[in-house]
Each structure stands twice: as structure tokens, then as C-alpha cells.
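Here is the structure we will look at, set down as C-alpha cells.
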Amino acid sequence: MTDATRLEIDGPVAILRFTRPDKRNAVNEALLSGLERFFLAPPDGVAAVVLLGEGGHFSAGLDLSEHKERSAEETVYHSQRWHRLTDQMEFGGLPVVCVLTGAVIGGGLEIATACHVRIAEPSARFQLPEGRRGIFVGGGATVRVGRLIGPDRMREMMLTGRSYDADQGLALGLCHYAVGEGEGLPLALDLAVKVAENAPFSNYLMIQALSRIDDMARSDGLFTESLAAAMSQTTEGSAEGLRAFLEKRPPKFRK
Ligand code: 1HE
Numbered sequence: 538m539t540d541a542t543r544l545e546i547d548g549p550v551a552i553l554r555f556t557r558p559d560k561r562n563a564v565n566e567a568l569l570s571g572l573e574r575f576f577l578a579p580p581d582g583v584a585a586v587v588l589l590g591e592g593g594h595f596s597a598g599l600d601l602s603e604h605k606e607r608s609a610e611e612t613v614y615h616s617q618r619w620h621r622l623t624d625q626m627e628f629g630g631l632p633v634v635c636v637l638t639g640a641v642i643g644g645g646l647e648i649a650t651a652c653h654v655r656i657a658e659p660s661a662r663f664q665l666p667e668g669r670r671g672i673f674v675g676g677g678a679t680v681r682v683g684r685l686i687g688p689d690r691m692r693e694m695m696l697t698g699r700s701y702d703a704d705q706g707l708a709l710g711l712c713h714y715a716v717g718e719g720e721g722l723p724l725a726l727d728l729a730v731k732v733a734e735n736a737p738f739s740n741y742l743m744i745q746a747l748s749r750i751d752d753m754a755r756s757d758g759l760f761t762e763s764l765a766a767a768m769s770q771t772t773e774g775s776a777e778g779l780r781a782f783l784e785k786r787p788p789k790f791r792k
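Pasting the structure below:
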């Protein structure tokens, strides 16, 4: 993809790796562009993505050597670029499973929380050390991390700079699975294949509807749910999924 990311396609699953281990996969221009290139135009036929970092770390966040040169104006544009990317990851329609090892720090946590399934190995450390760097989060953490663990806990996490480990992350909802060392990628691939076998439009609705309904008033949310249910009912997927269940066989969805 770029010299900071590598893409491999295995049937319906794309495996995207961060390949800057010597810099703990800090997100520089090349890494950000690699993510944008993939998520803005995913290859045809891909139905799920696995995201991971090489060298024992997911990502140490924003590349601070590049960031120190940015003006305030450039920082707004750069932060908005992260928001476009992470929104595209969250709402683009492609399920994303990430494997979290080592540093899941700052922007690394912002990327992780834009993924739909998060698997942490024992080395994972979740941290928001922006206060020690004299900066603030800018890649969506106030919304995504704030909603996952609550603004109160996020503020404490930022003020004290504490790091949470994989088991604590699991209890807090920063990850969905805490697994043994080396077990992250096999589980991610299994789950990605399973997700890719769902009816495509059901996956699309899960990805689009849930966070949006969370933004709505209760009655708007419930009405939107009914509309989404009705739309799913018009697809080939529902015809096949319901028929397969009644015929006692696995469904076979068009990709
Ligand atoms: C980096 C970065 C980086 C490592 N930008 N170069 N993120 C942070 O504040 C985290 C900063 N990094 C760390 O706290 C540590 O590097 C780690 C705990 C992740 C790993 O420690 P360690 O001992 O394994 O490695 P190291 O020796 O500290 O780092 C290895 C190299 O990676 C070193 O470069 P070298 O040329 O001296 O070998 C480090 O400088 C480099 N490196 N992390 C640049 N982040 C959209 S806004 C988001 C805002 C944020 O993300 S703020 C949080 C930034």
C-alpha cells in the first residue's frame, strides 16, 4: 500500500498491517495515507478487514516528530483528516477486526476504537498520554473513547496518563476479547471469515444503524430501527437467510 502499510488479500478477508515497527507504528504521513487508500476504496470482493501492527505494537499514535512542525491551522485540517478516515472506517460498510498488541496509544487507540471488533493480546496497553505531550486528542477519541468508557473515566485516564492492560480494557469495553499471546491473529481471521459469511446488507445495517441510532432521540431511534428492519426484509439476503433456516441448512449469501 505504502512503505508504512502492507495489504494481503485472503479470499473475502483483507489483512492490513502497519509496518513501521522501528517507530512502534507511529502514524506518520505514509501510514495515514495507507489507511486512507485502503478504506476510501477497498478492493472488490473484500467483505471484512483485519488490522494489526508488526513488531509487537499496534500503534504508538500520532508521529510526534512530524506533529511538532504543524501550525494550529494545519492541526485543524490534520485532525479533520483523521476524522474523515475514522468515520470511513466506522461507517464505510466494511466490518473491521483489529488485533491489539503493545502500544495502543493516543491515535492508536483512536484507530482501534473505529474498528468493530477489538481483540487484545496480553501485551496490549491502552493509554492517552496527550497531557504529557502538551497536546490534545484529535483523531476522534473524545467521541469514540468517551462513549465507550464514559467522559468521566476518559478524563481520569487522560489526566493521570494511566495505562490499562488487556483484561482491564476488556472490563471497560476498550476491547471485546482478551486472548493469549499469539492468539489474536488466528481469532481475528476466524471472526473475519464468520462476519464475511453474514448477509452483506445485514452487516451494512449493523455498521450504519447502531452508532447513528445512539445519536438519536429514543423515539427517532426506534422508528429508524423499524425502517432498517423493513429494508433488510426486501433483500435477497433475508429471502436466503430465512429459507435456509427453515430448510435446516447453512445460508449461502451472494457476495
Ligand atoms: C515515536 C513515537 C511517536 C515511538 N511518534 N516517534 N504517542 C505517544 O506519546 C507515545 C510515545 N511513545 C512511547 O511512549 C514509547 O515509544 C512506547 C511506549 C510506545 C514504546 O516504548 P519502547 O521503549 O518500546 O520504544 P522507544 O525507544 O520509546 O521508541 C522506539 C522508536 O520509536 C524511537 O525512535 P528512535 O529513532 O529513537 O529509535 C521513538 O522516538 C519512536 N516513537 N512512538 C514518533 N508517537 C490524531 S491526534 C493523536 C494524538 C496522539 O496520538 S498523542 C500520543 C502520541
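Take the sequence shown: its letters are residues 538 to 792, numbered as in the working numbering. Just so it is clear, CB atoms sit at the ideal spot from N, CA and C, and this is done for glycine as well. It should be emphasised that the depicted structure is a prediction, and the values quoted were computed from it without experimental measurement.
Check                                                                                                                                                                          : Outcome
What residue range is occupied by the uninterrupted alpha helix (DSSP H) comprising Phe510?                                                                                    : Residue 510 cannot be examined here, being either before or after the span of the chain that is shown, 538 to 792.
I'd like the ranges of any alpha helix (DSSP H) spanning at least 4 consecutive residues and lying wholly in the region 697-781.                                               : 703-709, 721-733, 737-751 and 755-770
Sorry if obvious, but does the Cβ on Ile648 come closer than 7 Å to a heavy atom of the ligand 1HE?                                                                            : no
With DSSP as the reference, identify every bridge partner of Thr539, one or two as the case may be.                                                                            : Thr542
Specify the secondary structure class of Ser608 as computed by DSSP and reduced to three states.                                                                               : coil
Taking all protein chains shown into account, do 16 or more other C-beta atoms lie within 10 angstroms of the C-beta of Leu599, making it buried, or fewer, making it exposed? : buried
What's the gap between the Cα of Glu667 and the Cα of Phe628?                                                                                                                  : 26 Å
In this structure, what does DSSP give as the bridge partners for Phe663?                                                                                                      : Val641 and Tyr701
At the level of alpha carbons, what is the spacing between Phe760 and Gly593?                                                                                                  : 45 Å
Using 8 Å as the threshold, is the C-beta distance between Cys712 and Gly719 below it?                                                                                         : no
Is Glu610 close to the ligand 1HE? I mean its beta-carbon at under 7 Å from any heavy atom of the ligand.                                                                      : no
Assign Val682 to one of three DSSP states: helix, strand, or coil.                                                                                                             : helix
Relative to the C-alpha of Ala563, which candidate in Leu577, Ile642, Glu784 and Gln625 has its C-alpha closest?                                                               : Ile642
Report the three-state DSSP secondary structure of Gly668 (helix, strand or coil).                                                                                             : helix
Using only CA atoms, which one of Leu569, Ile648 and Ala578 lies nearest to Val674?                                                                                            : Ile648
Considering only DSSP beta bridges, list what Gly590 is partnered with.                                                                                                        : Phe555
What does the alpha-carbon distance come out to for the pair Leu779 and Asn735?                                                                                                : 12 Å
On a Cα-Cα basis, can you pick out the residue from Ser763, Leu764, Gly677 and Pro788 that is closest to Glu773?                                                               : Pro788
What do you get for Pro723, buried or exposed, if any count of 16 or more other CB atoms within 10 angstroms of its CB means buried?                                           : exposed
Can you give the Cα-Cα distance for Val716 and Leu709, rounded to whole angstroms?                                                                                             : 16 Å
For the ligand 1HE, I want to know if Asp559 counts as a neighbour, meaning its beta carbon is within less than 7 Å of at least one of the ligand's heavy atoms.               : yes
Tell me whether Ala597, by its Cβ, gets closer than 7 Å to a heavy atom of the ligand 1HE.                                                                                     : yes
Please return the same chain residues whose Cβ sits closer than 7 Å to the Cβ of Leu726, not counting the five positions on each side in sequence.                             : Val550 and Val587
Cβ-heavy atom distance between Leu484 and the ligand 1HE below 7 Å?                                                                                                            : No answer is possible for residue 484: it lies beyond the span of the chain, which begins at 538 and ends at 792.
When you compare each of Asn740, Ala754, Lys785 and Leu747 to Ser769 by their alpha carbons, which one comes out closest?                                                      : Asn740
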